[in-house]
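> Pasting a structure below so you can have a look.
As structure tokens, then:
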């Protein structure tokens, strides 16, 4: 849709055509190819030497389409936050590439990188630490615009007011400081700030898990509404499976730095295929006491990414483990259109 | 009838009109304001509420671990097996704690003392309440650690908390709490900081322990999923009061208080696509600044004139199902 | 644990090295050392002789090497004032300083630790108020003045103890109090706030929930945790005790290293001064190492890091 | 527990309420300490006009005159006179000047060095952090007074050297505490989000890190005032302070130490002055700390 990769006029109204929703095939906005992030482990008192690598992310490939939401689910330490950081250019990938509108951002020039930075924003989990307590709300929301655009003050003010009203707050809230807001309202402010540059992609890292239960639905609905209005894509990182089902179009399940299953949301929830996905589903809490869940409780804990198991990384905990699982690395198989599984069972 | 465990007639724990107030600089905060419920052996009660609803203060009041001052248990009765805990001296109460009524706290990372070994901390609980020789204290501690499925328990006894994962630590806390066969176990959001698969392991473990010794279990949580999976009865708290109480099916099938109804409708579902979640407007109220009348009135979709003026009494919806809402009048 | 200790020992060595370097640089920066030893009646021969003895004809790094070599064999040069090896004088003075430091340390612990614990446990009580007064005086009164005031009241007016010197056993009481007070106050404040933190922690709540009595919660569960910050401070305390001993020994004419430092200063006796400083630093480094080991003993998180 | 939630209602907070809140926050202002500190500053700045006598010229006929309220005292010498017949009160007032000057210059010097070192160590980490923190450790291992004595012995005695020595003594504490604060601030999500928004490193330091350490800095500075005054007076007591004849509190105490039995006020009065100022500064600092950041209560 945006063929000219130039600067988006800030006050432009959201585009009326939404390729993601209106039948026409959504375009790929961002693609990760074989992304890796290894952190060195060092030893020694004076002269440190590298004795090993923590393979936080180890060969990740996925696509995010315009106007759609990709969810990444997994337990702590599976590498989902590191992935988010790489997309946000807070971490440099050890290997692999991130293609934004077809261009590798790490190979392109500084101008394109700046352009990419502007197009990808974020909302983090903790609403208490994501707003600088010493800045007024209006300055917080305006900061990305002040950094990236040279706009007259008046226009910035108007846009801040528009953003505030978009996230359900009032214009006068701009004069307050973050501590005068509750958790849910702070998350609204964080969203307003993330939207200020008209980004193409927002990385949502557990955006509701720190909020009170009765507030979560407010924020989730707001995010969905804003996606429609701004035609923005989301990368949602979450551990709560039901939230992911509600929010996402595509879901990737991660285990120990790798994607084990990747599918359209409905397909994944109705036909979970990887044993780990199945175990996650059975471990997730039901929404009604009468729902019978498959009893599939995993033993043990997630192994350390410092020494991941050979072969399939899940094999030590897998109920369906076979001989070859500890030797061969499974290849990705497409078991139905769009549904990718990385397991020797398929 | 209830999830296959046996419930006897005489409740093991009966709480009547419990009120715990705090003196703060904003005035008196009624953190727990007239809470009543009962619990039978082998039964699981879910105490559901958001932060600031008073569920954790209720738990601390049961254990009488409220910091005094600023806290104070103003009135009420806590009958454990017919004995009113509020009439006990501190010495007597400390004998009850851990032996008859035990506690699992939310955060496994901070709830064990970092400077003592795991074995030491499990044995301490046993030593306090049981007069048995040193050697058998060791044996017994090892026993409970095995019971909570700690691998290589014998070597783990010598380990320190920082050498264990969160899930393992929470198991140790579990081991401590069941080491003296209490009749009531209170679990305060014991799995919020655990991963999903570890949470499933832990919930299963709790169920097994409960079945084995016919425990009365109180589960304090904000998550209706845990209630659906674990509980037989539910009490929903809002602003220091229980607004609805009933069996788990009563609550899920016919929520009678608008707050319960709204909460249930606002949670996304794992098993089906939801087009749009119901979203409760506004914020949970601050306890020092409650509106007159029903505290949920400002956020309630069915609010009536009466709601803003007077707090509703508890209406019986069904035999074991009650709610405090004027719509039921 | 091993890695931790190795790191600490290395750190101690680096400190000693840095101190020696500072002293060496200052000894050269303060002017030609030949002027210190020679007077107006010295001949050119004396001058040349000294140049060779002191190695001043060699480049600086070699001079430093000689300095280190001498220092390692205990040779810090001749004291100008007394005309005998500095090391000899130092060894005579060390016992007095160690005695005073130890007495002050004991005083700061027996006053500060119980007061800190009790004022945390019984907040707002009379004990808490006494603790506050002790702490405020300790942190505000200059050590030398406190020493003089103690001397004025207890030695001059009341004549309970001797005012200065080290002739009698009771002589040590006043200097030890003057020196230890500041640290008693600091220990007390630290322990109080650490206790308050620990008493509010989840593991104390869990300990109570399993039926641990109030006393055991305070003395067993909390104290050991609360001692960790106090111990961290103990490292600083030791450095401070050294500094303080210079002052207190001067006030009470206590024949230790601290007083020697002042004598060296007044006598412009640089060789003696550098020996005093090396001795003090060595004492401090050893004591700090001891504190680090204690630390590992109390906190398993360090022992098994 | 529920402090933050639900406080914000639909309407903006009216101005009078905000003023009232601010006033409420200022309650229990430590009035007496503030009063003492004001007197200290006024004495330091205006000693020439306030002091009743010349602090350096004594009247030989009026030696060791006791304070006014004692037998034999005179209202001419309110706090008595010393062994050379100089007015103790005037000398105490002039002593404030030295202390004030030393405090201001030392804190400016030590503060700037310490804060910069702490910012660099905390923000950049890595080898810079390692080097700076090792220097801090080494500095803390060398007793201040001894370092001062050896420096004075080697380089001579002057106001500048004293101030440099004291600055060397205070900067590690600034560096260490600021570093700790920066390490915490650095992990705040808003710093990462600023990077995501495209903020440059200088912008992040100035807009997001520095404002966060201001409270710590103010509190540290108030605590260090007392420490600097104590150190300075200790040096001058040992005869290693700002060179005479300028009266410094420490050297005045030293003057009277051999005359305690005949004229106790010579030592006592300047000592009391030191204690009053340091005590007031500590009380004021404690109050400030409680107001600004109760979390910092353990700051030494």
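Protein chains in written order, with the working numbering: chain A, -6 to 339; chain B, 281 to 609; chain C, 298 to 602; chain D, 3 to 302. Built from N, CA and C at the ideal position, the CB exists for glycine as well.
#1: Which bits of chain A does residue 214 (chain D) rub up against, with CB to CB less than 9 angstroms?
#2: Quick one, which residues of the segment 208 to 234 of chain D are near chain A if we go by CB-CB under 9 angstroms, in chain order?
#3: Note down the Cα distance separating residue 364 (chain C) from residue 242 (chain D), rounded to an integer number of angstroms.
#4: Using CA atoms only, rank isn't needed, just tell me which of C:357, C:375 and C:532 is closest to residue 139 (chain D).
#5: Within 8 angstroms, do at least three Cβ pairs link the segment 189 to 197 of chain A to the segment 220 to 229 of chain A?
#6: Counting contacts by CB-CB distance shorter than 8 angstroms, is residue 182 (chain A) in contact with chain D?
#7: State buried or exposed for residue 73 (chain A), treating a residue as buried only when at least 16 other CB atoms are found within 10 Å of its CB.
#8: Excluding sequence positions up to five away, which residues of its chain have a Cβ less than 6 angstroms from the Cβ of residue 439 (chain B)?
#9: Where do the ends of the beta strand (DSSP E) carrying residue 601 (chain B) lie?
#10: Anything in chain D within Cβ reach of residue 107 (chain A), meaning under 9 angstroms, just list it in chain order.
#11: Below 9 angstroms between beta carbons is the criterion; list the residues of the segment 179 to 205 of chain D that meet it against any residue of chain F, in chain order.
#12: Just verifying my parser: in three-state terms, what is the DSSP assignment at residue 14 (chain A)?
#13: Could you please give me the residues that DSSP links to residue 89 (chain D) through a beta bridge?
#14: In its own chain, which residues sit with a C-beta less than 6 angstroms from the C-beta of residue 274 (chain A), not counting the 5 before and 5 after it?
#15: I want to see whether chain D comes within less than 8 angstroms of residue 137 (chain A), judged by CB atoms only; does it?
#16: Residue 99 (chain A) by DSSP, collapsed to three states: which one?
#17: Of all the CB atoms in chain D, is at least one closer than 8 angstroms to the CB of residue 159 (chain A)?
#18: Taking three-plus beta-carbon pairs below 8 angstroms as touching, is the segment 181 to 193 of chain D in contact with the segment 112 to 125 of chain A?
#19: Rounded to a whole number of angstroms, what is the C-alpha to C-alpha distance between residue 178 (chain A) and residue 136 (chain D)?
#20: Quick check on the burial criterion: 16 or more other C-beta atoms within 10 angstroms. Buried or exposed for residue 317 (chain C)?
#21: State the Cα-Cα distance for the pair residue 46 (chain D) and residue 457 (chain C), rounded to the nearest angstrom.
#22: Would DSSP call residue 284 (chain B) helix, strand or coil?
#23: Pick from B:459, B:335 and B:470: whose alpha carbon is nearest that of residue 514 (chain B)?
#24: How would you list, in chain order, the residues of chain B whose beta-carbon sits under 7 angstroms from the beta-carbon of residue 595 (chain C)?
#25: Can you give me the C-alpha to C-alpha distance between residue 503 (chain C) and residue 557 (chain B), rounded to a whole angstrom?
#26: What would DSSP say about residue 526 (chain B), mapped onto helix, strand or coil?
#27: Just to check my reading of the structure: residue 505 (chain B) and residue 474 (chain B) have Cβ atoms closer than 8 angstroms, yes? What is that Cβ distance to the nearest angstrom?
#28: When we look at the beta-carbon of residue 327 (chain A) and count the other beta-carbons within 10 Å, is it buried (16 or more) or exposed?
#29: Are the CB atoms of residue 293 (chain A) and residue 309 (chain A) within a distance shorter than 8 angstroms?
#30: Quick check on this structure: which residue in B:435, B:471 and B:461 has the alpha carbon closest to the alpha carbon of residue 451 (chain B)?
#31: How about residue 328 (chain B) and residue 510 (chain B): do their beta carbons lie closer than 8 angstroms?
#32: Between the Cα of residue 247 (chain A) and the Cα atoms of A:206, A:167 and A:256, which residue gives the shortest distance?
#33: Just list the alpha helix (DSSP H) runs in the segment 160 to 243 of chain D, keeping only unbroken ones of 4 residues or longer that don't cross its boundaries, in chain order.
#34: Is there at least one Cβ from chain D nearer than 8 angstroms to residue 523 (chain C)'s Cβ?
#35: For residue 289 (chain B), collect the residues of the same chain with a Cβ closer than 7 angstroms to its Cβ; drop the 5 residues on either side in sequence, then sort them by chain order.
#36: Quick one: measure Cβ to Cβ for residue 476 (chain C) and residue 545 (chain C), integer angstroms, because I've assumed they're closer than 8 angstroms.
Answer, in terms of the structure:
#1: 125, 126 and 127
#2: 209, 210, 213, 214 and 216
#3: 27 angstroms
#4: C:532
#5: yes
#6: no
#7: buried
#8: 398
#9: 601 to 603
#10: 200
#11: Checking the listed chains, one finds no chain F in this structure; the protein chains it contains are A, B, C and D.
#12: For residue 14 (chain A), the predicted structure reports a pLDDT of 43, less than 50, and the residue's modelled location is therefore unreliable. The matter cannot be settled from this model.
#13: D:83
#14: 265
#15: yes
#16: coil
#17: no
#18: yes
#19: 44 angstroms
#20: buried
#21: 40 angstroms
#22: Its pLDDT being 43, under 50, residue 284 (chain B) is placed unreliably in this model, and the value from its coordinates should be taken loosely. The answer is coil: DSSP assigns residue 284 (chain B) none of H, G, I, E or B.
#23: B:335
#24: 395
#25: 38 angstroms
#26: strand
#27: Not confirmed; about 14 angstroms, so no contact.
#28: exposed
#29: yes
#30: B:471
#31: no
#32: A:256
#33: 161 to 188, 191 to 198 and 212 to 239
#34: no
#35: none
#36: 5 angstroms
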